[in-house]
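Notes follow the structure.
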Amino acid sequence: MAGISGGLATNYIYACTRMRVRRSRLIPREDYLRMLNMSLPEITRFIGDTYYRSEIDELGTSFSGINLVEVALSWNLAKEYQNILELVPGELKHFTASYLRRWDIQNVVTILRGKMQEVQPGKIKEVLVPAGRLDKVALDRLLTEESPERVVEALKGEQIYPVLEQELPGAIETGSFAHLENELYKGYYARLIADAREGIKGGKVFLKYIELEIDIRNIQNLFRLRAGHVHEDVRELMIPGGSFPVEELQRLSGLEDRDEFIDALKRRVKALPLLNALEAIRGKTALHEIEVALTRVQLDQMERMSKRYPFSVLPVLVYLEEKKYEVANLRALARGREANLPGERLQGYLVI
């Protein structure tokens, strides 16, 4: 904690300790395994007996079934993230706010896709998570716009506006927002890297994690592209800033033999958990199982780093990510039960 005044150091210690307390309250693995055998009403009741109770109770008169679960989870996640922003001090708040801007991308792209498909605003709102710069009021205003073009115009002045303005015509023409979304995330990670390199306290630690997250995201993208039999130039689809240069990612994408591709990845990485995960992936064919395995590595590495730097932004990021995946797990369980998926199949979608 050298270089930080006594009062601020105390605030850092307090904030990071609160993150560990919050992590201890997250739903444990054994409860997820129990929920695999529950019906949707039973899952809803289980969720309502946890710290999601206030949202379940408040929304229970307006929603039911899967819609109740979806909206309650979104509300709780947004509320918790806003609480974290109020809790963390100084530079931790700066990094945390920057990191949470990913939700602006997810929310805006969700709205754009919904407008393109003429989905009712109320249905779009159910899955939005107002946890970034764009709060509930701003998102509600976007939902009232009549078209994707009007949504983008309403975002003039926001960091993401230049990319949206440039990429929207192509997205509408092709009917796909994939390239637009990818460009938004490239800008997002570029800003995170710039934040980390500003020379303020905690920046080096923050940068280590962002590089890890970019690597995992790029490796996941390579597996997605292989699953889609995409073999052309993929450099535009990769996110710069990780430990893999974009040119190397392009070379890896050209390896047609799956074992050769995995071996090439293993020669490049150093972290043992990622090496083990890549070897385990060799026997997996389902894309969601591959993505879950890589996500688990990301969370494992985050936790390891947070233990090395216990009073940094990393304990905050660990909690933000674990909370996000708790909500994702509960959503997957609810949706899976509604679709009558067997428990053993559903388990493959959970990050536990």
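In the working numbering, the protein residues as written are 116 to 467. The C-beta atom is built at its ideal place from N, Cα and C for all residues, glycine as well.
Worksheet entry | Neighbourhood of Val320 by C-beta, 8 Å cutoff - its chain only, sequence neighbours within 5 removed | Met420, Tyr424, Ser427, Val428, Leu429
Item to complete: Could you check how far apart the C-beta atoms of Ile226 and Leu207 are, in whole angstroms? I think they sit under 8 Å.
Response: Rounded, the Cβ-Cβ distance is 30 Å, inconsistent with contact.
Worksheet entry | Glu328: first and last residue of the uninterrupted alpha helix (DSSP H) it sits in | 318-342
Worksheet item: Taking Arg373 as the reference, which of Arg137, Tyr127, Arg341 has the closest Cα?
Response: Arg341
Discussion item. Nearest by alpha-carbon distance to Phe178: which of Tyr214, Gly205, Glu145, Lys238 is it?
Written reply: Lys238
Worksheet item: Taking the Cβ atom as the reference point for each residue, do Tyr147 and Ile467 lie within a distance shorter than 9 Å?
Response: yes
Worksheet entry | Secondary structure, alpha helix (DSSP H): runs of 4+ residues fully inside the stretch 347-398 | Listed in chain order, the complete alpha helix (DSSP H) runs (minimum 4 residues) inside the stretch 347-398 are 361-368, 373-383, 387-396.
Practice prompt. Decide if Ser358 is buried, meaning its Cβ has at least 16 other Cβ atoms within 10 Å, or exposed.
Written response: A residue is called buried when at least 16 other Cβ atoms come within 10 angstroms of its Cβ; Ser358 does not meet this threshold and is exposed.
Fill in: Whole-number beta carbon distance between Ala269 and Glu260, since they are thought to touch under 8 Å
6 Å
Item to complete: Under 6 Å Cβ to Cβ from Gly298, same chain only, skipping five residues before and after it: list those, please.
Response: Here the sequence assigns Glu to residue 298, which means Gly is not the residue at that position. Only residues of its own chain outside the window of five on either side were considered, and among them Val278, Glu282 have a CB closer than 6 Å to the CB of Glu298, listed in chain order.
Worksheet item: Whose C-beta lies closer than 8 Å to the C-beta of Arg255 among residues of the same chain, with five residues either side of it excluded?
Response: First, the residue type needs correcting, since residue 255 is Asp and not Arg in the sequence shown. Answer for Asp255: Lys240, listed in chain order.
Worksheet item: In three-state DSSP terms, what is Arg160?
Response: helix
Fill in: Assigned exposure category for Glu185 - 16 Cβ within 10 Å defines buried
Buried.
Fill in: Separation of Arg140 from Val361, as counted between CA atoms
39 Å
Discussion item. At the level of alpha carbons, what is the spacing between Leu393 and Val345?
Written reply: 20 Å
Worksheet item: Hey, quick one: how far does the alpha helix (DSSP H) through Gly205 stretch, first residue to last?
Response: 205-215
Item to complete: Going by CA-CA distance only, name the one from Val412, Asn333, Arg306, Glu173 that's closest to Ile275.
Response: Of the listed residues, the one whose Cα sits closest to Ile275 is Arg306.
Worksheet item: Around the Cβ of Arg160, are there at least 16 other Cβ atoms within 10 angstroms (buried) or fewer (exposed)?
Response: exposed
Fill in: Whole-Å CB distance - Pro388 paired with Gln416, under 8 Å assumed
About 6 Å separates the CB atoms of Pro388 and Gln416; that is less than 8 Å, so the two are in contact.
Worksheet entry | For Met134, three-class secondary structure by DSSP | Look at Met134 here: in three-state DSSP terms it is helix.
Item to complete: Give every residue of the same chain whose Cβ lies closer than 6 Å to the Cβ of Gly180, excluding the five residues on either side of it in the sequence, and list them in chain order.
Response: none
Worksheet item: To which residues of the same chain is Lys323 closer than 8 Å at the C-beta, ignoring the five residues directly before and after it?
Response: If the five residues before and after Lys323 are omitted, its C-beta is found closer than 8 Å to the C-beta atoms of Met420, all from its own chain and listed in chain order.
Item to complete: Tell me where the alpha helix (DSSP H) around Glu280 begins and ends.
Response: 276-289
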